[in-house]
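As structure tokens, the structure follows; a few thoughts come after it.
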Amino acid sequence: MTLEDIVAVADSAAPGSPAAVSFHLKRTDRAQPALDALFDVLGDDPSISEVDLVIDGKRVGTLSKEALFGLVEDRTMKIGDGVQAALPGDPAPSFIRLHCPAPNCAQRAIVSPDLYANPPICSLHHCAMVADEGR
Ligand SMILES: [Zn+2]
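To convert, count from 1 in the sequence shown and add 3; that's the working numbering.
Take a look at the structure:
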């Protein structure tokens, strides 16, 4: 699994309005922590059906819950996948959940830890997103 595999199932032609939740990562991020974070968001929250995928500051497409789940169903385990997951001393960086500080704004973002220093801007309020409580 690479980031390209995730990008490949995102719909770059998805029309119009951006999803309320954007997912920000860097081209150099590892795929597995990103995938875990995507599952956290799309798998656990029934109110979220899609996220905008943003890589290196550029929106590359909209990733739907169906596309994400399909990606994993299609996946065949390669030699080394399981071993890598079990390596000690290399905890996966956890992605950080952000929200717009404006009252009642539904815009949210999930960012790669390295991008936290430069948080995304709310497209509606043009203010920097802030971390959720107890992230
Ligand atoms: Zn906002």
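The C-beta atom is built at its ideal place from N, Cα and C for all residues, glycine as well.
Since we're looking at a predicted model, the values are computed, not measured.
Suppose the cutoff is 8 Å on Cβ atoms and the five residues either side in sequence are ignored; what does the same chain contact list for R30 look like? Taking the first residue of the sequence shown as position 1, residue 30 is located at position 27. Here R30 has L6, I58 and D59 as same chain residues with Cβ atoms under 8 Å from its own Cβ, once five neighbours each way along the sequence are excluded.
Classify K29 as helix, strand or coil using the three-state DSSP reduction. Working through the sequence shown from its first residue, we reach residue 29 at position 26. Note: K29 maps to coil in three-state DSSP.
Nearer than 7 Å: is that true of the beta carbon of Q110 relative to any heavy atom of ligand 1? Here residue 110 is taken as the residue at index 107 of the sequence shown, counted from 1. Yes, the Cβ of Q110 comes within 7 Å of a heavy atom of ligand 1.
Using the Cα positions of S97 and L41, report the straight-line distance between them to the nearest angstrom. Position 94 of the sequence shown, counted from the start, is the residue given in the question as residue 97. Position 38 of the sequence shown, counted from the start, is the residue given in the question as residue 41. Spanning the two alpha carbons is a distance of roughly 11 Å.
When burial is assigned at 16 or more other CB atoms within 10 Å of the CB, is H129 buried or exposed? For the purposes of this step, residue 129 is taken as the residue at position 126 of the sequence shown. Classification of H129: exposed, given that the 10 Å Cβ count is below 16.
Sorted by chain position, which residues of the same chain lie with C-beta nearer than 7 Å to N107's C-beta, five sequence neighbours on each side aside? By 1-based counting over the sequence shown, the position of residue 107 is 104. Excluding residues within five positions, none has a Cβ falling inside 7 Å.
S26 and I124: beta carbons closer than 8 Å? Taking the first residue of the sequence shown as 1, we reach residue 26 at position 23. Taking the first residue of the sequence shown as 1, we reach residue 124 at position 121. The residue you asked about is not Ser; residue 26 is Phe in the sequence shown. In this structure, I124 does not lie closer than 8 Å to F26 by Cβ.
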